[in-house]
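Asks: In terms of UniProt numbering, the sequence shown has 68 at position 68, counting the first letter as 1, and numbering is strictly consecutive.
For each residue, glycine too, the CB sits at the ideal point set by N, CA and C.
For clarity, every value in this text was computed on a predicted model and none was experimentally measured.
Take a look at the following structure, please.
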Amino acid sequence: MDIATEPFDKDDPNYFEQSNSRESLIDKYKNAVSAAEWFWKEWKKSYLLALREKHVNCAKKPQLRPEKGDVVIIEDKIAPRNLWKLGKITEILSVRTAKVRVGNKEFERAIKHLYPLEVNEFGVVEEMNKDETNQSKGVKTEKEIKISEKFEDSNNFAISDQQKMEEDLIQIDETEAIFSKEELEQAEK
Numbered sequence: 001m002d003i004a005t006e007p008f009d010k011d012d013p014n015y016f017e018q019s020n021s022r023e024s025l026i027d028k029y030k031n032a033v034s035a036a037e038w039f040w041k042e043w044k045k046s047y048l049l050a051l052r053e054k055h056v057n058c059a060k061k062p063q064l065r066p067e068k069g070d071v072v073i074i075e076d077k078i079a080p081r082n083l084w085k086l087g088k089i090t091e092i093l094s095v096r097t098a099k100v101r102v103g104n105k106e107f108e109r110a111i112k113h114l115y116p117l118e119v120n121e122f123g124v125v126e127e128m129n130k131d132e133t134n135q136s137k138g139v140k141t142e143k144e145i146k147i148s149e150k151f152e153d154s155n156n157f158a159i160s161d162q163q164k165m166e167e168d169l170i171q172i173d174e175t176e177a178i179f180s181k182e183e184l185e186q187a188e189k
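Following this line, the structure appears as structure tokens:
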């Protein structure tokens with residue numbers, strides 16, 4: 001069965017009547033141009049105005065500044081965004097820097113690289129505070145044990161990756177040394 005030879009059903013909404021006359025082609029072209037003009041006018045009226053209004057409303061909102069006790073996402077230039085770490089601000093050192101606790105370690109980070117989460121309403125901060133009191137007592141929760149196990153596993157992977165990279169670099173250096181000796185020998189000939 002050849003689809004191209006079958007007759008078209010004119011009631012089909014996907015059917016376009018083929019026309020060969022110059023006038024019908026000009027009419028279709030004019031209709032297409034007017035449809036495109038209508039689309040751009042509507043786009044300018046609705047989308048661009050809505051975008052401008054949204055931008056103005058965003059500018060009026062106060063910028064969310066991290067404070068002591070806030071849970072933040074810490075920007076990492078190396079890792080993709082979905083792997084950025086969560087931390088808790090333990091102290092604001094200056095207008096530009098803060099001390100952040102990630103796990104059992106504390107780091108100083110620029111505030112511009114800290115993105116506060118809006119989690120105070122949901123009790124996450126209270127849960128972290130409970131964990132903090134348990135840590136001060138030396139008690140590890142199940143959650144902390146699981147996290148530390150995962151962290152150790154990821155560290156092992158990172159160390160093995162680093163070792164592989166170092167081995168690769170050594171091999172590259174050795175091959176470069178071999179090639180440079182061969183080039184010197186060829187140059188002497």
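For M1, is the classification buried or exposed, using 16 other Cβ atoms within 10 angstroms of its Cβ as the cut-off for buried?
Replies: Residue placement at M1 cannot be trusted, given a pLDDT of 42 that sits under 50; the coordinates are not used to answer.
Asks: Considering just the uninterrupted stretch of the alpha helix (DSSP H) at E42, what are its terminal residues?
Replies: From DSSP, the alpha helix (DSSP H) with E42 extends over 22-42.
Asks: Can you check whether the CB of K68 is closer than 8 Å to the CB of E53?
Replies: Their beta carbons are not under 8 Å apart, which means E53 does not touch K68 by this criterion.
Asks: By how many angstroms is the C-alpha of Y47 removed from the C-alpha of V72?
Replies: The alpha-carbon atoms of V72 and Y47 are separated by roughly 33 Å.
Asks: So, with DSSP's three-state summary, where would you put K85?
Replies: In this structure, K85 counts as strand in the three-state DSSP scheme.
Asks: State yes or no: is the C-beta of I74 within less than 8 Å of the C-beta of L114?
Replies: Yes.
Asks: Shortest alpha-carbon distance to S94 belongs to which of K112, F39, E166?
Replies: The candidate whose alpha carbon is nearest that of S94 is K112.
Asks: With DSSP as the reference, label I111 as helix, strand or coil.
Replies: Residue state, collapsed to three classes: helix.
Asks: Kindly indicate if chain C contains any beta-carbon less than 8 Å away from that of D70.
Replies: Considering every chain present, this structure includes no chain C. It has just one protein chain.
Asks: Taking the beta strand (DSSP E) that V71 falls in, what are its first and last residues?
Replies: First-last of the beta strand (DSSP E) with V71: 71-74.
Asks: What does the Cβ neighbour count give for I26, buried or exposed, with the cut at 16 atoms within 10 Å?
Replies: The residue is exposed, with fewer than 16 neighbouring Cβ atoms inside 10 Å.
Asks: Expressed to the nearest angstrom, what Euclidean distance is found between the alpha-carbon atoms of A32 and D76?
Replies: Roughly 49 Å separates the two Cα atoms.
Asks: On the DSSP bridge assignment, give the partners of T97 in chain order.
Replies: Looking at the DSSP assignment, T97 forms a beta bridge with A110.
Asks: With a 10 Å radius around its C-beta and 16 neighbouring C-beta atoms as the bar for buried, classify G103 as buried or exposed.
Replies: It counts as exposed.
Asks: In chain order, what residues of the same chain lie with their CB nearer than 6 Å to the CB of K85, ignoring the 5 residues before and after it?
Replies: Excluding residues within five positions, the ones whose Cβ falls inside 6 Å are I74, V102.
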